[in-house]
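Data block below; observations after.
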């Protein structure tokens, strides 16, 4: 790739003049600036983002080890609201730790804060020379679309909630996490294994949890055994859940975070003696057996990818967005038995 020295040589100018012209410095005549820009385009010159950021820090008297700022776009009003659920604390910790290791610092921009919106944040980022953006999880239905000059930024998002802009993303491997949970149950002798999901997943066009469950039923059972139950105590009558249990008689259920435990306690079903329950989005510090998502790792990988885009001068929306999946790890707990209880014999 041609550099400033090549542009200077082609025009018979010194490199300092070219550098100033490329930055639009008013000390360089307009005619010279125009000639330098035209020659740079003709030669295929592209500014090195890392060097540009580094020189901006030198001129501003900032530490050389600081490569600049990565902006975090957060669909919330403040840090306290965003980081209240534990998964996002871990995710944010992974982001800030990895950014520091790579010489960056981070700053949050809250889309729902008073007086804030995407166009204003766009102007702030551009004015401060911030070229790396992470669209953080989760999307919480912010009213304004993310209308920004994306051609200015290396950008990436986390999870599946943000549909637009369509950028590279890092996410939990929900499909694989269901396989992990189902495999643990099957290994312990559980055969009738059901899946419970919130109602919104009944209409989902792409549910990786449903896909993983279908794969498990085919792989371990030879085909579908128990239909998925859709609903939670917040929006579904307990009678529907009770009827599903009575009809399909699962030995164990796979759940997201364990809302169904409220129903099981009301129905006076003993866990795990009568019904085991495992979570595929295991809450930190809970008693549930299940899969704990690797949210700190996801934060670290997100920074790795956006920083590599910055260093490679890859700005703007990608033609073919990439998806990086990170599987979780199994954690034992008292909601599952070491060996599935033997089925009761019917009384004669």
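Numbering (the numbering used here), first residue to last: -19 to 328. The beta-carbon is built from N, C-alpha and C at its ideal position, and this holds for glycine as well. Computed from a prediction, not measured in an experiment: that's the story for all the values here.
Residue 235 is a Cβ neighbour of residue 176, given a cutoff of 8 Å. For residue 100, the enclosing alpha helix (DSSP H) stretches over residues 98 to 107. In chain order, 168, 169, 170, 231 place their CB closer than 7 Å to the CB of residue 320, counting only its own chain and leaving out the 5 sequence neighbours on each side. Distance check between residue 286 and each of 20, 182, 49 places 49 closest, using alpha-carbon atoms only.
Fully enclosed beta strand (DSSP E) runs of no fewer than 3 residues occupy 232 to 235, 256 to 259, 269 to 272 of the region 215 to 280, in order along the chain.
If you ignore the 5 residues before and after residue 73, its C-beta comes within less than 8 Å of the C-beta of 276, 279, all in its own chain and listed in chain order. Burial state of residue 79 is buried, judged by a 10 Å Cβ sphere holding 16 or more other Cβ atoms.
Measuring C-alpha to C-alpha distances from residue 24 to each of 53, 117, -10, 5 identifies -10 as the nearest. Contact between residue 127 and residue 136 does not hold, since the beta-carbon distance rounds to 18 Å and is not under 8 Å. Around residue 192, the same chain offers 154, 155, 156, 157, 158, 159, 162 as residues with beta carbons nearer than 8 Å, after the five sequence neighbours per side are excluded.
DSSP, read as helix, strand or coil, puts residue 17 in helix. Counting only runs of 4+ residues, the alpha helix (DSSP H) found wholly inside the region -11 to 13 occupies -5 to 2, in chain order. Non-local beta-carbon contacts of residue 218 in its own chain, meaning distances under 8 Å to residues more than five positions away in sequence, involve 243, 246, 247 in chain order.
Bounds of the alpha helix (DSSP H) holding residue 161 are 154 to 167. C-alpha of residue 132 to C-alpha of residue 103: approximately 11 Å in a straight line. The continuous stretches of beta strand (DSSP E) do not include residue 110, and DSSP gives it neither H nor E. In this structure, residue 306 sits near residue 152, with a CB-CB distance shorter than 8 Å. Secondary-structure assignment with DSSP links residue 151 through a beta bridge to 305.
In the structure shown, residue 119 adopts coil according to DSSP, grouped into three states. With respect to the 8 Å criterion, residue 89 and residue 51 are classified as neighbours on the basis of their beta carbons.
Across the set 189, 116, 302, the C-alpha of 116 shows the shortest separation from the C-alpha of residue 63.
Under a 10 Å Cβ-count criterion, residue 22 is classified as exposed, with fewer than 16 other Cβ atoms of the shown protein chains found around its own Cβ. Between residue 141 and residue 125, the CB-CB gap reaches or exceeds 8 Å.
The Cβ-Cβ distance between residue 264 and residue 66 falls below 8 Å. Between residue 75 and residue 283, the CB-CB gap stays under 8 Å.
Judged by DSSP in its simplified three-state form, residue 87 adopts strand. Residue 50 is bridged by DSSP to 86, 112. Counting along the chain, no alpha helix (DSSP H) covers residue 317, and no H or E run does either. 8 Å or more divides the Cβ of residue 189 from the Cβ of residue 251. With fewer than 16 other CB atoms across the displayed protein chains lying within 10 angstroms of its CB, residue 186 is exposed. Apart from sequence neighbours up to five positions away, the residues of its chain that approach residue 19 with a beta-carbon distance below 7 Å are -13, -10, -9, ordered along the chain. Collapsing the DSSP output to three states places residue 23 in a helix. Within the DSSP bridge table, the entry for residue 174 names 233 as partners. For residue 58, there is no enclosing beta strand (DSSP E), as DSSP marks it with neither H nor E.
Ranked by Cα distance from residue 227, the options 87, 209, 180 are led by 209. Judged by DSSP in its simplified three-state form, residue 282 adopts helix.
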